[in-house]
Amino acid sequence: MSTITGRHGHKIVGSVAEALADLRDGMTIMVGGFGLTGNAEALIKGVVERGVRDLTLVSNNAGNMGKGLATWLRARLIRKVICSYIGANEDLHAAMASGTVEVEINPQGTLVERMRAAGAGIPAFYTPTGVGTVVEQGKEVREIDGRRYVLERALHADVALIRAARADHFGNLRFYRTARNFSPAMASAARTTIAEVDQLVPLGALDPDDIHLPGIFVHRILEVREHENPFEYKTTRPRPAGQGA
Amino acid sequence: MPWTKEQMAKRGAAEIPAGSIVNLGIGLPTLVADWLPEGHAWLHSENGILGMGPFPYEGEEDPQVINAGKQTVTILPGGSVFDSALSFAMIRGGHVDVALLGAMQVSPSGDLANWAVPGGKIMGIGGAMDLASGCRRCVVMMNHATKEGEPKLVAACTYPLTARGVVARVITELAILDCAGDAFTLVELADGVSLDEVRRLTGAPVRG
Chain A
131 MSTITGRHGH KIVGSVAEAL ADLRDGMTIM VGGFGLTGNA EALIKGVVER GVRDLTLVSN
191 NAGNMGKGLA TWLRARLIRK VICSYIGANE DLHAAMASGT VEVEINPQGT LVERMRAAGA
251 GIPAFYTPTG VGTVVEQGKE VREIDGRRYV LERALHADVA LIRAARADHF GNLRFYRTAR
311 NFSPAMASAA RTTIAEVDQL VPLGALDPDD IHLPGIFVHR ILEVREHENP FEYKTTRPRP
371 AGQGA
Chain B
8 MPWTKEQMAK RGAAEIPAGS IVNLGIGLPT LVADWLPEGH AWLHSENGIL GMGPFPYEGE
68 EDPQVINAGK QTVTILPGGS VFDSALSFAM IRGGHVDVAL LGAMQVSPSG DLANWAVPGG
128 KIMGIGGAMD LASGCRRCVV MMNHATKEGE PKLVAACTYP LTARGVVARV ITELAILDCA
188 GDAFTLVELA DGVSLDEVRR LTGAPVRG
């Protein structure tokens with residue numbers, strides 16, 4: 131295996147504690163996942179054990195069913211949540227009702243585009259989403275070529291915690307199915323991106339054409355072989371008669 | 008007789024041209040998938056699937072293959088997965104042909120309210136605003152009135168808006184109506200339902 135030197139060397143860490151060593155109270159942390167799918171389970175658990183506080187959490191759902199990021203809410207680590215959907219997340223409803231956590235709701239496409247913009251060096255962008263709704267309140271609205279757009283700001287983070295299926299030692303990542311969701315945009319928007327990966331492979335094992343996220347956006351890599359991967363809503367259809375399992 | 012959910016879903020399916028890209032919202036629109044002939048359209052799910060298939064057979068469900076409602080689904084041959092930024096570029100960029108969405112209120116000008124009830128629990132926005140304002144054609148499927156009998160087709164939305172002037176057509180259990188600016192115009196009545204009955208349960212003018 132070839133060795134990588136410089137600031138993109140030595141990304142592999144051996145423990146959750148080592149992966150999370152830079153975390154501090156008051157940080158803004160982006161966490162990948164669509165509900166409980168694509169969660170960096172070991173890192174999420176590690177943040178609770180570490181006990182950093184006053185966090186601003188950026189996540190599409192902030193957990194569900196008491197699992198995933200809902201454990202951060204239960205442990206009272208969070209000061210503010212920036213998300214797109216709460217739905218059945220009772221821990222977030224309870225935190226909102228008690229006034230202990232401030233919640234900012236963004237349209238989902240705006241939420242991810244704010245991250246993408248941050249990662250791409252674009253400070254703000256005009257979008258048609260949210261025009262004429264509460265979303266445009268307090269923001270600049272401008273007409274361009276006869277259509278109205280609202281100005282949305284880039285969203286940066288101190289740390290992103292993401293999950294991927296495979297990583298090489300440079301941090302090139304491959305994701306699995308719908309576990310990808312917000313993780314690539316978050317990785318680009320955060321100063322430090324920590325990837326929890328199911329499998330670590332040598333340099334060269336990932337074909338350059340098959341890399342979903344180049345390692346330039348990844349700063350620490352933790353291999354975790356076992357994941358719970360919980361179901362939120364297990365839906366199935368009946369197998370047609372005569373077709374055995 | 009008002010249409011059953013299945014009959015509504017069948018009419019929803021008729022709104023989808025062959026070969027189009029479609030996003031089906033949570034609730035009634037989800038049932039439309041059962042009425043689409045195999046290979047008729049490409050289903051888009053905003054969490055990152057194009058070419059979404061039906062629910063998996065029991066024992067084949069994968070917790071990392073889900074739709075935007077976080078239900079387990081399958082991916083059809085020719086399907087693809089991608090990240091949320093690209094998924095919403097598809098929506099916002101006008102690449103999704105049809106969105107079939109649920110709603111709480113719709114006005115004749117096409118205003119849509121489908122994400123929050125005043126004074127109710129805040130469920131969040133999710134992809135609703137992007138879908139409503141980004142898809143080329145937006146068709147709503149909903150009950151004609153609330154459980155309390157209040158019209159959901161209203162002269163002006165009183166619930167928080169999702170998007171302005173976006174809804175083209177509304178399918179309810181009583182009728183199919185188009186948003187025509189100053190009034191709804193009747194497209195089809197359910198068998199045995201009268202135009203007067205539709206007008207009684209609609210909070211805005213209905214042209215026959």
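If you're matching them up, the sequences are chains A and B in order.
So the first sequence is numbered by this note's numbering: it starts at 131 and just counts up by one.
So the second sequence is numbered by this note's numbering: it starts at 8 and just counts up by one.
Built from N, CA and C at the ideal position, the CB exists for glycine as well.
Fair warning: this is a prediction, and the values are worked out from it, not measured in the lab.
Minimum Cβ-Cβ distance from residue i to chain A less than 8 Å
i               : result
N150 of chain B : no
Q14 of chain B  : no
I28 of chain B  : no
V161 of chain B : no
A170 of chain B : yes
Y166 of chain B : no
M217 of chain B : Nothing can be reported for residue 217 of chain B, as the shown portion of chain B is limited to 8 through 215.
P44 of chain B  : no
G133 of chain B : yes
G55 of chain B  : yes
A106 of chain B : no
D189 of chain B : no
E68 of chain B  : yes
V113 of chain B : no
P63 of chain B  : yes
R99 of chain B  : yes
D137 of chain B : yes
Exposed unless 16 or more other CB atoms sit within 10 angstroms - verdict on residue i
i               : result
P135 of chain B : Per the sequence shown, residue 135 of chain B should be read as Ala rather than Pro. Per the 10 Å Cβ criterion, buried.
V194 of chain B : exposed
K128 of chain B : exposed
T308 of chain A : buried
K77 of chain B  : buried
D137 of chain B : buried
R154 of chain A : exposed
T230 of chain A : exposed
G196 of chain A : exposed
T165 of chain B : exposed
E232 of chain A : exposed
I274 of chain A : exposed
E65 of chain B  : exposed
H140 of chain A : exposed
A151 of chain A : exposed
P84 of chain B  : exposed
P125 of chain B : exposed
V161 of chain B : buried
Q112 of chain B : buried
Cβ shell of residue i (< 8 Å), same chain only, five flanking positions each side left out
i               : result
R278 of chain A : P258, V261, G262, V271 and R272
A152 of chain B : P158, K159 and L208
T133 of chain A : G139
S27 of chain B  : A48, W49, D104 and V105
R321 of chain A : H286, A287, D288 and V289
Any chain B beta carbon closer than 8 Å to residue i
i               : result
Q329 of chain A : no
A309 of chain A : yes
N302 of chain A : no
G262 of chain A : yes
R367 of chain A : yes
G193 of chain A : no
Q267 of chain A : no
H286 of chain A : no
Residues of its chain near residue i, where Cβ-Cβ distance is below 6 Å and the 5 sequence neighbours each way are ignored
i               : result
S318 of chain A : G249 and F347
G163 of chain A : N169
E326 of chain A : A170, A172, L173, R293, L352 and V354
S214 of chain A : N190, N236, Q238 and L241
K269 of chain A : V280 and L281
V178 of chain A : T201 and A205
F89 of chain B  : G55
7 Å CB neighbourhood of residue i in its chain, flanking five on each side removed
i               : result
F255 of chain A : E243, A247 and E282
L199 of chain A : V161, I174, L187, S189, A192 and G193
A335 of chain A : D298
T192 of chain B : L184, D185 and R214
Closer than 7 Å: residue i CB and nearest the ligand FMN heavy atom
i               : result
N150 of chain B : The ligand FMN is absent from the structure shown, which contains no ligand whatsoever.
Contacts of residue i in chain C (Cβ-Cβ under 9 Å)
i               : result
F164 of chain A : Looking for chain C here will not work: the only protein chains present are A and B.
At what residue ranges does the stretch 9-66 of chain B contain a whole run of the beta strand (DSSP E), taking only runs of 3 or more? For the stretch 9-66 of chain B, whole beta strand (DSSP E) runs of length 3 or above, ordered along the chain, are 28-31, 49-52 and 56-60.
If we require 3 or more residues per run, which beta strand (DSSP E) segments fall completely within the stretch 141-225 of chain A? The stretch 141-225 of chain A contains, as complete beta strand (DSSP E) runs of 3+ residues, the segments 158-161, 185-188 and 208-213 (chain order).
In chain order, what are the residue ranges of uninterrupted alpha helix (DSSP H) at least 4 long that sit wholly in the stretch 301-329 of chain A? With a minimum length of 4 residues, the continuous alpha helix (DSSP H) runs that stay inside the stretch 301-329 of chain A are 313-319.
Should the stretch 355-368 of chain A be called in touch with the stretch 106-118 of chain B, which here means at least 3 C-beta pairs below 8 Å? Too few Cβ pairs lie closer than 8 Å, so no.
Minimum length 3: unbroken beta strand (DSSP E) runs contained in the stretch 213-287 of chain A: Whole beta strand (DSSP E) segments, 3+ residues: 232-235, 254-257, 271-274 and 277-283.
Is the number of C-beta pairs between the stretch 199-217 of chain A and the stretch 16-25 of chain B that are closer than 8 Å three or more? Taking a cut-off of 8 Å on C-beta distances, the stretch 199-217 of chain A does not touch the stretch 16-25 of chain B, as fewer than three cross pairs fall below it.
Do the stretch 139-155 of chain B and the stretch 118-126 of chain B touch if we need at least three Cβ pairs shorter than 8 Å? Yes: the two stretches touch, three or more of their Cβ pairs being nearer than 8 Å.
Please give me, in chain order, every unbroken run of the beta strand (DSSP E) with length at least 3 that falls completely inside the stretch 128-163 of chain B. Listed in chain order, the complete beta strand (DSSP E) runs (minimum 3 residues) inside the stretch 128-163 of chain B are 144-148.
Counting Cβ pairs, one atom from each stretch, are 3 or more of them under 8 Å apart for the stretch 141-150 of chain B and the stretch 172-182 of chain B? With contact defined as three or more Cβ pairs closer than 8 Å, the stretch 141-150 of chain B and the stretch 172-182 of chain B are in contact.
Specify whether the stretch 34-44 of chain B and the stretch 195-215 of chain B touch according to this definition: at least 3 beta carbon pairs, one from each stretch, less than 8 Å apart. Contact fails: fewer than three Cβ-Cβ distances are below 8 Å.
Could I get the ranges of all uninterrupted beta strand (DSSP E) runs contained in the stretch 331-358 of chain A, with 3 residues as the minimum, in chain order? Fully enclosed beta strand (DSSP E) runs of no fewer than 3 residues occupy 350-353 of the stretch 331-358 of chain A, in order along the chain.
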